[in-house]
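The opening position of the sequence shown corresponds to residue 587 in my numbering, with each subsequent residue numbered one higher.
The next block holds one structure in the form of structure tokens; read it before the comments.
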Amino acid sequence: MPNLEFDFGVSAVVNSAIQIGIIIIATVILFFIGRWLIPRLITVRIPGVREEATAEKEARANTISRAIIRLYSIIIFVFAVVMILGQLGLDIGALLTGLGVGALALGLAAQNIIRDYLNGIFILMEDWYRIGEWVKVNGEEGTVEQFGLRRTVLREIDGTLHYIPNSQISFATNRMRDWGCINMTISVAYKENLDKVFKIINEVCQELKNDPEWSGRLLDTPSVVRVGDLGNNSVDIIVRGSTKAGAHWGLTGELRRLIKNRFDEEDIEIPWPHTKVYFGNTPSKEVTTIIPS
């Protein structure tokens with residue numbers, strides 16, 4: 587009898603170990619199947635909320651897929667742990683009941699975390715931003731490096747990371763969606779002929795449009811729009827043009843460089859701010875002081 591009881595005990599342990607091994611293997615397989623299948627299903631089934639290029643649709647699908655994969659991984663991990671505990675002899679029914687009560691208590695104690703997840707779902711479904719886009723959230727700007735249902739992670743140009751709980755995000759400014767815009771103010775001295783200046787600026791804009799390195803990023807040829815202001819020290823000219831999403835920063839910098847070089851060639855003055863100082867009431871003692879900005 588003792589031997590039979592010992593054999594039965596060993597058999598039960600071996601059987602439980604085998605079952606636990608099967609659960610672990612099945613969990614790993616399901617995890618990798620999910621990681622492979624979810625992005626493909628999302629790409630095929632994702633609704634087109636507007637006309638999108640293939641790259642834009644892939645970026646949106648990537649953002650949604652990452653969030654769903656993370657949630658999927660948590661779910662299968664919890665199920666695996668519950669099944670393993672069942673194999674170890676724990677009462678799964680009582681365990682699930684306890685988990686339910688614990689979840690309720692945790693939910694009451696962690697309302698902010700629940701709001702994080704709920705707001706994350708709305709941000710995800712309404713497609714506010716995607717991984718890789720430059721956005722402004724809660725006064726912080728940067729590239730969306732991570733986006734999950736609980737938080738958004740932004741990285742600034744200098745590498746600084748901002749971790750923002752989704753429950754704190756009430757609005758977001760997306761600077762890389764659909765298209766961008768060159769919106770420049772060019773200042774010239776009052777003595778300059780504006781018709782000549784307009785012609786020079788438009789010629790430089792056409793030069794940028796004809797440059798193979800930059801033309802593919804422009805949606806149209808930038809041009810002078812109007813005189814924006816007659817300032818204290820200069821005439822301000824507005825230049826605008828449409829660009830591909832995210833390309834306006836580089837194009838604006840290149841256009842500034844070209845205009846500056848052309849103004850130097852044409853002797854067009856870009857004025858410094860200046861102040862007139864009077865000594866007493868004698869007009870002949872007027873002195874003009876140039877104050878670099």
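Just so you know, even glycine gets a beta-carbon here, dropped at the ideal spot from N, CA and C.
G728 has its alpha-carbon roughly 4 Å from the corresponding atom of E742. In this model, I755 and I655 are separated by some 22 Å (Cα to Cα). Runs of alpha helix (DSSP H) with 4 or more residues, each lying fully within the stretch 796 to 821, are found at 798 to 801, listed in chain order. Judged by DSSP in its simplified three-state form, R843 adopts helix. Inclusion of V730 and Y749 in the CB contact set at 8 Å is not warranted, their separation being larger than that value.
Taking C-beta atoms under 8 Å as the contact rule, A775 and S820 qualify, at a distance of about 6 Å. M762 and R621 have their alpha carbons spaced roughly 28 Å apart.
A check of alpha carbon separations from G814 across S801, L841, L780, T838 identifies L780 as the nearest. Residue pairing by DSSP puts H748 in a beta bridge opposite L740. According to DSSP, residue pairing for I772 in a beta bridge involves I823. Distance from the CA of V614 to the CA of S597, rounded to the nearest whole angstrom, comes to 26 Å.
In the structure shown, F663 adopts helical secondary structure according to DSSP, grouped into three states. Looking from the CA of N648, the closest CA among G718, S659, V667 belongs to G718. Around the C-beta of S801, fewer than 16 other C-beta atoms lie within 10 Å, and the residue is accordingly described as exposed. DSSP places G728 inside the beta strand (DSSP E), whose first and last residues are 726 to 733. W714 sits in coil when the DSSP states are folded into three classes, being neither helix nor strand.
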